[in-house]
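Protein chains in written order, with the numbering used here: chain A, 333 to 507; chain B, 214 to 456. For glycine and all other residues, C-beta sits at the position ideal for the given N, C-alpha and C.
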């Protein structure tokens, strides 16, 4: 996970590591299930070394083993502000698959339509999993919105595969 | 286990000579009781024609279809009509509700046509509307309902005579994303309750609710995959949390 995410989650107020993890769990729901608990602490340590986060031990607040409270330094604040303003978006990597089809057909190495079918099987399985998770989420949860995004992306990929299928079945027929 | 629905070398052609179209070309299909099967394919691939043949809405040129022990291809017109009414529940893209009947009247109609008592039919219809989350819309005309609600009424109607199988033709084809989710939830519930379902669609969302997905092209099955028990990996991977 990106360091900036952890930083931004700290921006609300100085926080314990476990509280931070609880916030992440809340926002991610089933998507965050496999999240390694240690990852948050590793990231916090790195951020501290980089001077973006400062921490101190809160004396005797609770029985919990983790009593270190983290907060943003002014540099950390700046980084969060810059990150929020940044326009970045993960690139969908379609090029590799596209070229795979082109190369397979040109060299008569494999049937591009069979490659498309295999890809569709995999994407449908993923869509099924994402959809199961979507149906299980209570209405209006933060995680439901994220899962909706995952579902829509998979649908878009499957739409594109349909377009691939149309083109490559036609080309295959014409050969 | 004997399949609930079984098709062997089923063919259906339209036109002749140069214009001959093999809409369904030697299709074999077995559907087990309780299973949800999705048939996907580009428009014109023959999937709707296939569904019509399976449900006895149309007759195959050749091949055998057996549904719940009955030879669909050898039934008389009368027997076919009875089978459509008592054994099969149909769901269509365009809902096909009667505009002048209320939701509950639409749902009870198949039971009345099957000769059930008006009281019994009404009770069951209200029950089904409750199951589809539309108890408070029972007295509404279709025109006063949203697309998703209309399709849910149509699904309730399809269940009126406790069909052994529900055949759905693009059930989410006319619906927006939120309404699609309503229908998905409903189908999912039916599946959980053990209802056998065959859905033809090009909506990947509804196909993904199936146990098994079949790809159809040019009238024939070209690919098949089991979606349950897959190894798609974790959601966090899908979300890009892990690489």
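A straight-line Cα-Cα distance of about 51 Å links residue 402 of chain B and residue 405 of chain A.
If you check the CB distance, residue 334 of chain B and residue 342 of chain B do not come in under 7 Å. Residues of chain A with a Cβ closer than 8 Å to the Cβ of residue 315 of chain B do not exist; the shortest Cβ-Cβ separation is about 28 Å. Taking a C-beta cut-off of 9 Å against chain A, the contacting residues of the segment 395 to 429 of chain B are 397, 398, 401, 415, 416, 417, 418, 420, 421, 422, 423, 426 and 428, listed in chain order. In chain order, 216, 217, 218, 250, 409 and 411 place their CB closer than 7 Å to the CB of residue 244 of chain B, counting only its own chain and leaving out the 5 sequence neighbours on each side.
Chain B places no beta carbon closer than 7 Å to that of residue 476 of chain A, leaving this residue out of the contacts. 7 Å or more divides the Cβ of residue 223 of chain B from the Cβ of residue 259 of chain B. When the beta-carbon positions are compared, residue 367 of chain B and residue 288 of chain B stay at least 7 Å from each other.
Setting aside the 5 residues that flank it on each side, residue 420 of chain B is surrounded in the same chain by 251, 253, 412, 414 and 426, each with a C-beta closer than 8 Å to its C-beta; the list follows chain order. The DSSP-derived three-state label of residue 406 of chain A is helix. Our two residues, residue 290 of chain B and residue 436 of chain A, have alpha carbons roughly 51 Å apart in a direct line.
Membership of residue 409 of chain B in any alpha helix (DSSP H) is not indicated; the residue belongs instead to the beta strand (DSSP E) covering 409 to 414. Distances from the CA of residue 257 of chain B to each of B:360, B:272 and B:431 were compared; the closest alpha carbon is that of B:431. Between residue 486 of chain A and residue 459 of chain A, the gap from beta carbon to beta carbon is short of 7 Å. Residue 449 of chain B has a beta carbon lying within less than 7 Å of a beta carbon in chain A.
Of A:370, A:362, A:413 and A:366, the smallest CA-CA separation from residue 342 of chain A is found for A:413. When C-beta atoms of the segment 358 to 375 of chain B are compared with those of the segment 387 to 395 of chain B, three or more pairs fall below 8 Å, so the two segments count as touching.
Secondary structure note for residue 245 of chain B: it is in no alpha helix (DSSP H), with a DSSP letter that is neither H nor E. Close to chain A, meaning a Cβ-Cβ distance shorter than 9 Å, are the following residues of the segment 368 to 399 of chain B: 390, 394, 397 and 398. B:304 is the residue among B:331, B:322 and B:304 whose C-alpha sits nearest the C-alpha of residue 399 of chain B. In the DSSP assignment, residue 469 of chain A falls outside any alpha helix (DSSP H), carrying neither H nor E. Counting along the chain, the unbroken alpha helix (DSSP H) around residue 400 of chain B starts and ends at 390 to 405. Residue 225 of chain B is positioned such that its CB atom lies closer than 7 Å to that of residue 262 of chain B.
In the three-state DSSP reduction, residue 380 of chain B falls in the strand class (E or B). Nearest C-alpha to residue 429 of chain A among A:378, A:449 and A:372: A:449. Collapsing the DSSP output to three states places residue 277 of chain B in a strand. Listed by position along chain A, the residues whose Cβ is nearer than 7 Å to that of residue 452 of chain B are 363, 478 and 482. Under the DSSP assignment, residue 302 of chain B falls in the beta strand (DSSP E) whose first and last residues are 301 to 304.
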